[in-house]
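One structure is given below, encoded as structure tokens.
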Amino acid sequence: VQLQASGGGLVQAGGSLRLSCTGSRSIFELDIQGWYRQAPGKQRESVAAITGSGITNYADSVKGRFTISRDNAKNTVYLQMNSLKPEDTAVYYCNYKAFRSQNEYWGQGTLVTVSS
Numbered sequence: 001v002q003l004q005a006s007g008g009g010l011v012q013a014g015g016s017l018r019l020s021c022t023g024s025r026s027i028f029e030l031d032i033q034g035w036y037r038q039a040p041g042k043q044r045e046s047v048a049a050i051t052g053s054g055i056t057n058y059a060d061s062v063k064g065r066f067t068i069s070r071d072n073a074k075n076t077v078y079l080q081m082n083s084l085k086p087e088d089t090a091v092y093y094c095n096y097k098a099f100r101s102q103n104e105y106w107g108q109g110t111l112v113t114v115s116s
């Protein structure tokens, strides 16, 4: 699975951005597609994920502010980020976990910078 991420940029605190991750094929029911982020000097962490059946999961730090969604027709997963905070600044990576093969795929990162 090849993943293409886009949508990062510079935004002021309180603003919004939407990230997109387009896959080379549609998500299978038991697979998981999601977003991770890595801030300078920190470990990569999971931000949000969505299964092929539509179940979503969020990190506590983004609950109520970020929304993950999927457009099956476009093989694209979105991350709508609202009420952004400077601590959301990071490189965001899209990720795909295949249940059957246990393979994991990564897109290239997209930088999100939130200024105070």
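Counting along the sequence shown from 1, when you hit position 5 you're at 5 in the numbering used here, and nothing is skipped either side. For every residue, glycine included, the Cβ atom is placed at its ideal position computed from N, Cα and C.
Worksheet item: beta strand (DSSP E) containing residue 68: first to last residue?
Response: 66 to 71 is the extent of the beta strand (DSSP E) around residue 68.
Practice prompt. Identify which residue in 40, 44, 50 has its Cα closest to the Cα of residue 97.
Written response: Per the Cα distances, 50.
Discussion item. According to DSSP, simplified to helix, strand and coil, what is residue 97?
Written reply: It is a strand residue.
Worksheet item: Between which two residues does the beta strand (DSSP E) harbouring residue 103 extend?
Response: Premise fails: residue 103 is in no beta strand (DSSP E) and is neither H nor E.
Discussion item. Looking only at its chain, what residues have a beta carbon closer than 7 Å to the beta carbon of residue 107, apart from the 5 residues adjacent to it on each side?
Written reply: Taken in chain order, the residues that qualify are 3, 4, 5, 21, 93, 94.
Worksheet item: With which residues is residue 50 paired in a DSSP beta bridge?
Response: DSSP links residue 50 through a beta bridge to 33, 56.
Worksheet item: Using CA coordinates, which residue listed in 102, 68, 103, 115 is at the minimum distance from residue 18?
Response: For residue 18, the nearest C-alpha among the options comes from 68.
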